[in-house]
Amino acid sequence: MSVIVDENTRIIVQGITGHQGSFHSGEMIKFGAKVVAGVTPGKGGMKVHDVPVYDTVEEAMVHEPDATMIAVPARFVKDAAFEAMYHGIRVVYILTEKVPLHDALEIVTYARSHGYVVIGPNGPGITVPGKTKIGIMPNHIFRKGTVAVASRSGTLTYEIVNALTLNGYGQSVVIGLGGDRITGLNFVDVLELFEKDDDTEAIVLVGEIGGTAEEEAAEYIKKNVSKPVVAYIAGRSAPPGKRMGHAGAIITRGKGTAESKIKAFNEAGVPVAEFPWEIPQVLEKVYK
Amino acid sequence: MSVIVDENTRIIVQGITGHQGSFHSGEMIKFGAKVVAGVTPGKGGMKVHDVPVYDTVEEAMVHEPDATMIAVPARFVKDAAFEAMYHGIRVVYILTEKVPLHDALEIVTYARSHGYVVIGPNGPGITVPGKTKIGIMPNHIFRKGTVAVASRSGTLTYEIVNALTLNGYGQSVVIGLGGDRITGLNFVDVLELFEKDDDTEAIVLVGEIGGTAEEEAAEYIKKNVSKPVVAYIAGRSAPPGKRMGHAGAIITRGKGTAESKIKAFNEAGVPVAEFPWEIPQVLEKVYK
Amino acid sequence: MNLYEYQGKELFRKYGVPTPQGFVAYKPEDIVNVEGEVVVKAQVLTGGRGKSGGVKFASSVEEARQKAREILAMEIKGHKVHAVLVEEKLKIEKEYYLSILIDRSTRAPLIMASPEGGVEIESVPDEKIYKYSVNPEIGVQPFVGRILSKKMGFSGDLAKQFTKILINLYRLFREYDAELVEINPLVLSEGKLIAADSKVVIDTDSLYRHPDLEENAEEKTPLELEANKAGYAFVELDGNIGVIANGAGLTMATLDTLLLYGLKPRNFLDLGGTDSVDITKNAFRYVLKANPQAILVNIFGGVTKCDTVAQGIIAAKDEFKIDLPIVVRLSGVHEEEGRKMLADAGIHAFADMRHAIEKLKSIMEGSQ
Amino acid sequence: MNLYEYQGKELFRKYGVPTPQGFVAYKPEDIVNVEGEVVVKAQVLTGGRGKSGGVKFASSVEEARQKAREILAMEIKGHKVHAVLVEEKLKIEKEYYLSILIDRSTRAPLIMASPEGGVEIESVPDEKIYKYSVNPEIGVQPFVGRILSKKMGFSGDLAKQFTKILINLYRLFREYDAELVEINPLVLSEGKLIAADSKVVIDTDSLYRHPDLEENAEEKTPLELEANKAGYAFVELDGNIGVIANGAGLTMATLDTLLLYGLKPRNFLDLGGTDSVDITKNAFRYVLKANPQAILVNIFGGVTKCDTVAQGIIAAKDEFKIDLPIVVRLSGVHEEEGRKMLADAGIHAFADMRHAIEKLKSIMEGSQ
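Residue numbers (the numbering used here), protein chains in the order written: chain A, 158 to 445; chain B, 158 to 445; chain C, 14 to 381; chain D, 14 to 381.
Structure, rendered in structure tokens:
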């Protein structure tokens with residue numbers, strides 16, 4: 158059993174002929190992922206890393222994909238995501254950053270009400286060590302194991318996964334939720350999956366200031382998660398964002414700051430590491 | 158067990174203070190239906206047949222309704238239907254005729270992809286004799302029994318139900334699908350329900366020219382319906398519609414006419430009555 | 014409601030769907046400027062105008078006026094030509110087909126595209142018509158254009174043009190509450206895709222929100238228009254039995270039954286679901302204007318009450334001094350009172366449809 | 014991106030949300046006509062302008078120009094006033110609050126309305142703020158207006174006005190890719206609801222599809238603007254350690270760690286996920302312009318390769334003749350090659366973050 162994807166997941170890459178699409182498809186294949194086809198309008202007939210390229214997702218459906226990596230420029234992401242979902246591709250990972258907020262809202266709304274899983278936008282994807290990888294996380298940092306990691310960051314995730322691996326904690330799954338304000342998965346969504354996953358014994362959450370996803374995660378953990386959880390929060394030092402002004406403050410009402418998130422986690426029995434490199438030591442205290 | 162609604166279904170009426178809403182609410186209550194509240198913006202606080210009236214569906218939700226009858230003018234139907242569905246009311250019956258086609262499309266699309274049942278627009282509703290009635294079918298024609306009736310017409314339904322009752326065939330349920338081009342339920346949808354319904358032993362379909370719903374019903378019956386089915390088709394004498402021209406003809410490709418529908422039913426072993434009053438005799442041959 | 018070609022093309026331009034340069038002329042003198050070769054096209058709500066001589070070419074103002082004069086004097090399949098469209102003559106490299114309509118069966122818009130345009134689409138084999146069922150929650154995103162472009166053989170710039178036309182046409186379809194938008198032919202002319210003709214059908218029930226569209230009267234007879242304005246669903250037919258019934262399904266079944274009995278209806282008239290003496294009475298006004306030889310009234314009373322209908326019939330007989338045979342079927346709420354009132358007024362009234370029609374049959378046979 | 018009040022009100026008018034009559038003046042002479050009493054309002058992207066004297070009243074052209082002159086010379090909370098809005102003075106009967114924003118937690122637009130407007134909404138108690146979570150697939154239909162009207166105390170014509178404003182505001186919110194639209198106060202004046210102020214925040218990532226909106230430069234420092242234009246996420250802070258890292262999360266964690274070690278960052282600079290010598294090199298250009306006392310580079314190489322980063326650092330040191338202390342942490346792909354290259358160039362390089370920051374700490378303590 159694994160979370161969202163596994164070694165049988167058949168992946169297409171939309172935007173495979175671009176710089177990012179091509180490089181990361183290669184890395185995914187090296188990691189053992191089943192990349193079955195690529196799609197780039199106008200480039201049908203090409204091959205990238207021996208993977209056949211099509212003009213449309215409709216044509217790529219002969220390979221029976223169940224996941225896609227979208228690596229197209231921000232203004233084409235909405236089109237690509239709906240193209241994938243129209244054809245029934247269940248897992249949609251969006252690499253691209255700077256996707257317009259309302260496009261992300263439309264994609265995520267449709268996905269959630271129709272049973273699709275969106276990972277991202279603007280995140281490093283999902284990796285199941287020993288099984289598959291969809292996304293851009295560096296291959297060499299992983300080791301198969303029992304710790305599930307979910308993170309709102311990219312590089313900071315690698316930092317922490319690397320520290321886990323170096324300290325002997327392999328991973329059951331690592332998910333980058335994405336750094337944008339609207340993402341397909343929140344902490345609560347993945348906590349539910351981690352709790353059910355047989356391969357997962359402990360959980361690491363890497364949060365950030367802004368929004369209330371960490372506070373909601375803490376609430377959820379109190380009631381529904383039996384496995385040990387530890388956390389790190391980035392942005393303790395950041396000045397409070399001013400952009401959303403008073404209205405934004407009403408939604409969060411004092412939540413959203415690093416202090417609020419750390420307090421919420423502590424109240425839920427989730428130890429919070431002060432430094433990223435402390436995660437393995439903090440984990441050791443709750444997961445032996 | 159019964160189809161879609163039963164004696165416990167709690168009904169609100171949107172537009173209860175209007176002429177139609179008020180009259181038919183009274184008839185429904187006489188039939189034994191649980192009409193728990195009415196909604197008319199600006200008329201909150203009134204009572205109609207002792208039923209409390211609210212300004213919004215949100216307020217009427219204290220009565221925990223699970224069905225609504227919408228009897229508001231055509232241009233307000235979309236608003237009313239989404240108001241009901243936003244609040245989670247599962248069964249939405251739309252009495253109103255002349256609802257704009259694209260409004261009906263939006264309502265029905267949302268309902269179907271989110272698990273709501275829309276009956277109508279522009280139909281007489283649903284009646285489960287001895288249990289409940291949502292709609293405008295005349296109370297006196299029904300008798301509790303084992304024949305399920307689905308119809309695209311209004312008055313013609315009454316004609317046929319009346320003939321059934323006079324000939325000793327009571328009804329398990331009578332559904333008026335609605336006469337518009339886009340309706341929430343088609344014959345195939347209700348055939349599935351009739352086949353599963355313990356109270357139903359035989360089925361009467363009342364079709365019309367136009368569209369291919371009868372041809373699809375015939376296909377479905379061949380494969381999935383074990384109970385005896387008989388049918389009547391109105392419009393044998395009508396000249397073919399010209400409005401959709403050649404493009405319309407492409408969709409139907411010779412289907413849509415009375416001849417095509419009768420042929421399809423006959424091939425599926427469904428006898429088709431020549432005159433409306435013949436339905437009981439035709440039924441007698443297949444259902445004893 | 015069908016729009017004229019020029020009305021459809023106005024909407025096309027509003028939504029960025031390319032059309033030929035041109036203008037409408039209601040009389041020959043409206044033509045004041047002609048550049049190069051033009052085509053003068055009859056504006057009628059029927060097909061086949063080309064074969065009927067409703068499309069002619071011209072190269073000068075004088076010639077265009079002459080052709081317009083000829084066309085404006087025509088009647089095509091019973092439709093008077095009330096205007097002509099004068100347009101630049103396109104250099105046609107290839108003709109395609111594109112339409113969007115509501116597919117009742119899937120309850121979704123359906124796009125149909127074919128590389129074989131310019132002919133009646135029914136004559137094109139199914140495998141040459143590419144269909145795409147629109148998920149209304151997703152709409153027409155650019156990928157739909159790419160899927161169809163590939164099948165239509167468009168690539169590069171033509172695929173981009175086609176995708177833009179498709180997206181814009183879908184917006185028009187949704188925003189103008191269309192039942193059908195059709196471009197046949199969609200022409201490839203000097204590297205550009207251009208809508209050389211238009212067929213747009215607007216949902217009549219939505220006209221209240223499109224005040225820029227006037228209702229076209231041409232599709233109905235004067236008597237139909239009059240009756241429709243009075244609130245009756247009314248269609249003229251070519252028989253001799255006037256028909257008044259309630260509910261579209263029952264009215265259709267009544268006409269079917271008459272025909273099966275060898276009787277020919279003069280009209281379709283649906284009283285609707287009201288309960289009013291006047292509405293019943295006034296229905297006779299329009300049926301009588303159609304000069305039938307007898308009148309059949311077929312009412313199943315649910316919302317409509319039989320005694321109300323009876324009063325309406327009696328009032329009509331008095332007011333309009335009807336001496337034609339009237340056969341009535343009255344069943345449902347207050348049926349006995351209704352039938353008694355009619356009997357007292359000397360009008361045949363039956364409890365069921367079959368006996369009413371059999372009586373009518375015997376009357377008509379006796380009268381021949 | 015925040016819009017100025019007058020820009021927000023232009024959008025309001027475009028979408029049928031009523032605003033007071035008025036015009037923008039960039040200099041006193043732009044005011045040429047004043048009818049009755051007017052209000053002259055500073056146009057700045059910050060709140061609290063009223064308390065700062067940025068809102069004044071006038072009754073003639075001369076007086077309005079004088080007030081404009083005073084306001085245009087002001088600086089409010091560090092923001093220079095670049096224009097004034099001159100508007101009719103409304104007769105205010107009551108002030109309401111209305112806003113729509115994206116709620117990250119529900120992943121849906123949230124409407125907030127309160128009968129207590131005209132004050133900072135945070136000071137209004139929660140039970141006086143009515144919230145409605147929009148289902149994006151349903152949107153804002155009229156019933157949403159009725160639900161909120163009831164709570165706000167609007168009935169009859171006012172409920173209709175409020176519903177119309179709400180529906181139009183939501184259209185603006187969706188079609189202009191807003192993160193926030195806010196009317197505070199929404200004023201009841203002589204029977205009409207009017208947006209007396211506007212706050213509109215547009216999603217910067219969507220600006221490409223709103224060519225009518227120019228990017229407002231006011232929210233950033235000149236150095237931030239320069240670095241952003243060069244493609245770096247760059248924010249000035251008030252410490253003395255220049256920071257270059259890759260990834261927003263890791264960069265934030267680097268700043269956090271510095272502070273926990275008692276060191277103060279001068280900036281936030283995220284290199285992003287690229288692998289280029291020049292991008293690394295040029296990052297130093299902007300960090301140096303901020304005059305830090307030392308520079309910390311913290312790279313976890315995934316997509317970015319450590320040897321590339323090392324080359325960039327060495328090139329920067331040469332080209333910009335840096336003689337500040339530079340401490341580097343390099344980990345990930347090609348880390349050993351990278352660290353060796355740096356060591357050869359005489360730059361401290363560590364494999365982990367902790368030791369790099371501890372080294373930096375000792376350098377800074379030594380330098381004090």
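Just so you know, even glycine gets a beta-carbon here, dropped at the ideal spot from N, CA and C.
Three or more C-beta pairs closer than 8 Å, one from the stretch 388 to 397 of chain B and one from the stretch 350 to 367 of chain B: is that the case here?
-> With the cut-off at 8 Å, the stretch 388 to 397 of chain B and the stretch 350 to 367 of chain B touch.
Could you check what DSSP says for Lys449(D) in three-state terms: helix, strand or coil?
-> Shown here, chain D extends from 14 to 381; a query on residue 449(D) therefore has no answer.
Minimum C-alpha distance to Arg342(C) - residue among Arg352(C), Leu199(C), Pro122(C) and Phe167(C) | Comparing Cα positions, the closest option is Arg352(C).
Could you please tell me which residues of the stretch 213 to 226 of chain B, in chain order, have their CB closer than 8 Å to any CB of chain D?
-> Listed by position, the residues of the stretch 213 to 226 of chain B near chain D (Cβ gap below 8 Å) are Thr213, Val214, Glu215 and Glu216.
Decide if Leu323(B) is buried, meaning its Cβ has at least 16 other Cβ atoms within 10 Å, or exposed.
-> Its Cβ having fewer than 16 others within 10 Å, Leu323(B) is exposed.
Measure the Cβ-Cβ separation of Leu258(B) and Ile115(C) and say whether it is below 8 Å.
-> It is a contact, given that the beta carbons lie within the stated cut-off.
For Val387(A), collect the residues of the same chain with a Cβ closer than 7 Å to its Cβ; drop the 5 residues on either side in sequence, then sort them by chain order.
-> Same-chain partners within the cutoff: Val361, Val427, Pro428, Ala430, Ile436, Val439, Leu440 and Val443.
Look at the Cβ atom of Gly333(B), then the Cβ atom of Thr314(B), and state whether they are nearer than 8 Å.
-> Yes.
Rounded C-alpha distance that separates Ala121(C) from Pro278(A) = Going from the Cα of Ala121(C) to the Cα of Pro278(A) covers about 30 Å.
Can you check whether the CB of Ile283(A) is closer than 8 Å to the CB of Gly292(A)?
-> The answer is yes: Cβ separation under 8 Å.
Do the stretch 241 to 254 of chain A and the stretch 207 to 216 of chain D meet, that is, are 3 or more Cβ pairs less than 8 Å apart?
-> Contact between the stretch 241 to 254 of chain A and the stretch 207 to 216 of chain D is absent, because fewer than three Cβ pairs lie under 8 Å.
When Cβ atoms are compared, which residues of the stretch 239 to 252 of chain B fall closer than 8 Å to chain D?
-> Cβ contacts with chain D: Phe239, Glu240, Met242 and Tyr243.
When we look at the beta-carbon of Asp139(D) and count the other beta-carbons within 10 Å, is it buried (16 or more) or exposed?
-> So Asp139(D) ends up on the exposed side.
So, do the stretch 302 to 313 of chain C and the stretch 237 to 257 of chain C have three or more beta carbon pairs nearer to each other than 8 Å?
-> The stretch 302 to 313 of chain C, when compared against the stretch 237 to 257 of chain C, does touch it at the 8 Å Cβ threshold.
Residues of the stretch 325 to 342 of chain A whose Cβ lies closer than 7 Å to any Cβ of chain D, in chain order = Only those residues of the stretch 325 to 342 of chain A whose C-beta falls short of 7 Å from the nearest C-beta of chain D are listed: Gly336, Arg338 and Ile339.
Report the neighbours of Asp236(A) on chain C: residues whose CB is nearer than 8 Å to its CB, in chain order.
-> Ordered by position in chain C, the residues that pass the 8 Å Cβ test against Asp236(A) are Gln154, Pro155 and Phe156.
Any chance the CB of Val330(A) is under 7 Å from a heavy atom of the ligand HEM?
-> With respect to small molecules bound, the structure shown includes none, and the ligand HEM cannot be examined in it.
Against chain C: residues of the stretch 178 to 199 of chain A by CB proximity under 9 Å | Those residues of the stretch 178 to 199 of chain A that come within reach of chain C (Cβ to Cβ, closer than 9 Å) are Pro198 and Gly199.
Decide if Glu349(A) is buried, meaning its Cβ has at least 16 other Cβ atoms within 10 Å, or exposed.
-> With fewer than 16 neighbouring CB atoms inside 10 Å of its own CB, Glu349(A) falls in the exposed class.
In angstroms with no decimal places, state the Cα-to-Cα distance between Leu282(D) and Ile160(D).
-> For Leu282(D) and Ile160(D), the distance between alpha carbons rounds to 47 Å.
For Asn381(A), which residues of its own chain have a beta-carbon under 8 Å away from its beta-carbon, when the five flanking residues on both sides are left out?
-> Excluding sequence neighbours, Asn381(A) sits near Leu348, Glu349 and Glu352.
With a cut-off of 8 Å, do at least 3 Cβ pairs link the stretch 235 to 246 of chain B to the stretch 197 to 204 of chain C?
-> With a cut-off of 8 Å, the stretch 197 to 204 of chain C and the stretch 235 to 246 of chain B do not count as touching, because too few Cβ pairs lie within range.
For Val210(A), is the classification buried or exposed, using 16 other Cβ atoms within 10 angstroms of its Cβ as the cut-off for buried?
-> The residue in question, Val210(A), is buried, as its Cβ has 16 or more Cβ neighbours within 10 Å.
Starting from the Cα of Ala77(C), find the closest Cα among Gly60(C), Lys27(C) and Ala55(C) and give me that residue.
-> Ala77(C) has its Cα closest to that of Ala55(C), out of Gly60(C), Lys27(C) and Ala55(C).
Quick one: which chain D residues come within Cβ less than 8 Å of Tyr267(B)?
-> For Tyr267(B), the C-beta contacts it makes with chain D under 8 Å involve Glu150 and Ile151, in order along the chain.
For Leu123(C), which residues from the same chain have a beta carbon less than 8 Å from its beta carbon, with the 5 sequence-adjacent residues on both sides left out?
-> Same-chain partners within the cutoff: Ile113, Leu114, Ile115, Asp116, Lys144, Tyr145, Ser146 and Val147.
Under 6 Å Cβ to Cβ from Leu6(C), same chain only, skipping five residues before and after it: list those, please.
-> Absent from the model: residue 6(C). The displayed extent of chain C is 14 to 381, so no value can be given.
Taking all protein chains shown into account, decide if Val306(B) is buried (16 or more other Cβ within 10 angstroms of its Cβ) or exposed.
-> Result: buried.
Boundaries (first-last residue) of the beta strand (DSSP E) holding Phe313(D) | Per DSSP, Phe313(D) belongs to the beta strand (DSSP E) from Ala307 to Gly314.
Which first and last residues belong to the beta strand (DSSP E) in which Gln171(B) is found?
-> That run of the beta strand (DSSP E) goes Arg167 to Gln171.
Residues bridged to Pro278(C) by DSSP?
-> Answer is Ile254(C).
Cβ-based neighbour list, Val208(B), same chain, cut-off 8 Å, excluding 5 preceding and 5 following | Closer than 8 Å at the Cβ level, and outside the excluded window around Val208(B), lie Val170, Ile173, Ser182, Ile186, Val192, Val193, Ala194 and Gly195.
Below 8 Å CB to CB, which residues in the same chain sit around Asp354(A) once its five sequence neighbours on both sides are set aside?
-> Here the set comprises Met158, Ser159, Val160, Ala305, Ser329 and Val330.
What's the gap between the Cα of Glu192(C) and the Cα of Ser118(C)?
-> Ser118(C) has its alpha-carbon roughly 14 Å from the corresponding atom of Glu192(C).
Three-state class that DSSP yields for Arg342(C) in the structure shown | Strand at Arg342(C).
Test item: CB-CB of Gln34(C) and Glu100(C) under 8 Å | Taking 8 Å as the Cβ cut-off, Gln34(C) and Glu100(C) qualify as a contacting pair.
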